[in-house]
Amino acid sequence: MEAERAAAGAARPTGSQESRDLAEFWKCNPPQFAGDADPEVADRWIRELEKIFTVLGCPLERRLAYVVYMLVGEAEHWWRGTYQMLIARGVTVDWECFWTVFMEKYFPESVRHAKEAEFMRLHQGGMTVSEYAMKFEHLARFYSQGIAEAWKCRKFADGLRYELRRVVVPMAITEFPALVEKAKVVERLEGGNRVVRTAGGPSGSKKGESQRKPYDRPQSQQGGSVARQSSSVASGGRQSGGVTLRCFRCAGPHFVKDCPHTESRCFRCHQMGYELANCPARGRPERSTPRGDEQRADT
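According to full-length UniProt numbering, the stretch in the sequence shown is residues 1 to 299, in order.
Right under this line is the structure:
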């Protein structure tokens with residue numbers, strides 16, 4: 001019970017000056033902590049309080065009371081038990097002691113090492129430069145070694161996408177804010193180039209289509225036209241080669257199968273009504289007729 005009262009007393013500043021300081025602390029809207037299992041939440045909470053302490057110029061001996069005052073729920077129960085244990089061991093409980101045991105509980109070394117490894121593997125990937133820079137800064141604070149500005153710039157530049165890295169790296173920028181800004185500029189320029197190339201492709205093809213001459217038809221259409229032409233010529237008695245169709249029965253411009261005449265025709269005198277055996281001109285010499293341009297339609 002004595003330990004609990006001491007822990008509770010540490011959370012309640014006393015005296016008029018302490019009360020005024022507490023009022024100023026409350027004006028900064030300090031966040032409460034209920035023992036969230038997410039290490040990121042715990043890390044943000046403790047760092048937010050540290051920022052408030054710095055702004056108010058809060059002395060170390062008063063920080064413990066303020067920070068314990070903001071613990072609620074499971075986090076408050078945890079601190080009561082931890083405080084008793086520390087007192088029993090004879091440990092001096094102050095702000096530095098609280099910070100150490102709090103981080104061991106809610107942000108252990110295993111999590112810190114995982115964040116450090118994530119930082120070392122970090123690349124831009126599908127993130128924008130702004131998103132990449134924000135995540136880079138967030139993870140960089142978990143790096144266990146001291147980070148020099150020049151090394152930080154090289155690490156950031158090496159993680160950029162290739163189209164940005166090939167432009168930024170040769171600049172050898174050693175100031176991180178300037179490097180991030182330059183990478184953003186290159187990103188905007190590269191994005192504009194992609195838009196121009198994308199827009200130029202289809203318009204170029206349309207331009208080529210508009211310049212096509214009217215008689216430039218596909219081969220398949222030309223073939224179709226020829227086929228239709230051959231069909232129409234055949235029905236009209238002319239072929240594409242200029243040769244006349246002539247029925248060997250009546251000499252008409254059609255095939256013999258389509259001939260309207262049923263009687264025989266003499267091959268000698270070309271008269272209808274009889275065949276060669278009964279031709280009256282059989283004894284006379286045959287008169288030759290040039291027929292180089294005629295095609296016999298005997299099919």
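Built from N, CA and C at the ideal position, the CB exists for glycine as well.
- Non-local C-beta neighbours of glycine 73 in its own chain, meaning closer than 8 Å and more than five positions away in sequence, comprise Ala34, Gly35, ordered along the chain.
- Taking a contact to require three or more Cβ pairs closer than 8 Å, the region 18 to 28 and the region 90 to 106 do not qualify as touching.
- Here arginine 265 carries a strand assignment [DSSP, helix/strand/coil].
- Rounded to the nearest angstrom, the gap between the Cα atoms of leucine 164 and aspartate 21 is 50 Å.
- Assigned with DSSP and collapsed to three states, phenylalanine 107 falls in coil, not helix or strand.
- Ranked by Cα distance from glutamate 190, the options Pro177, Ala37, Tyr162, Gly90 are led by Tyr162.
- In summary, tryptophan 151 is exposed, with fewer than 16 beta-carbon neighbours lying within 10 Å of its beta-carbon over all protein chains present.
- Bridge pairing for phenylalanine 33: Leu71 [DSSP].
- Listed as beta-bridge partners of methionine 272 by DSSP are Arg265.
- Valine 129 sits close to glutamate 187, with the two beta carbons spaced by under 8 Å.
- Excluding sequence positions up to five before and after alanine 157, its CB lies within less than 7 Å of the CB of Arg165, Val168, Val169, Leu179, all in the same chain and listed in chain order.
- With at least 16 other beta carbons inside 10 angstroms of its own, valine 67 counts as buried.
- Counting only the Cα atoms, alanine 281 lies some 27 Å from phenylalanine 255.
- Straight-line measurement puts the Cα of valine 111 at about 25 Å from the Cα of arginine 154.
- Beyond the five residues adjoining it in sequence on each side, lysine 184 comes within less than 6 Å, by CB distance, of Val129 in the same chain, given in chain order.
- 8 Å or more divides the Cβ of cysteine 279 from the Cβ of arginine 265.
- Exposure of glutamate 104 is indicated by the presence of fewer than 16 other C-beta atoms within 10 angstroms of its C-beta.
- Here glycine 273 has Glu263 as same chain residues with Cβ atoms under 6 Å from its own Cβ, once five neighbours each way along the sequence are excluded.
- Annotated three-state conformation of isoleucine 87 is helix, per DSSP.
- If you draw a 10 Å sphere on the C-beta of isoleucine 52, you find 16 or more other C-beta atoms in it, and that means buried.
- By the beta-carbon neighbour count (other beta carbons within 10 angstroms, threshold 16), isoleucine 147 is exposed.
- Note on alanine 172: under 16 other CB atoms within 10 angstroms of its CB, so exposed under the neighbour-count rule.
- The alpha-carbon separation between aspartate 94 and alanine 65 amounts to approximately 9 Å.
- With at least 16 other beta carbons inside 10 angstroms of its own, glutamate 76 counts as buried.
- Here lysine 115 is buried. Its C-beta has 16 or more other C-beta atoms within 10 Å.
- Remark: C-beta atoms of leucine 139 and phenylalanine 107 do not approach each other more closely than 8 Å.
- In the structure shown, glycine 146 adopts coil according to DSSP, grouped into three states.
- When the Cα atoms are used, arginine 89 and tryptophan 79 turn out to be separated by approximately 15 Å.
- Taking a 10 Å sphere around the C-beta of leucine 60, we find fewer than 16 other C-beta atoms and assign the residue as exposed.
- Only residues of its own chain outside the window of five on either side were considered, and among them Phe107 have a CB closer than 7 Å to the CB of aspartate 43, listed in chain order.
- Cβ neighbours of glutamine 32 within its own chain (closer than 6 Å, five residues either side excluded): Met70, Val72.
- Taken through DSSP and simplified to helix, strand or coil, cysteine 97 comes out as helix.
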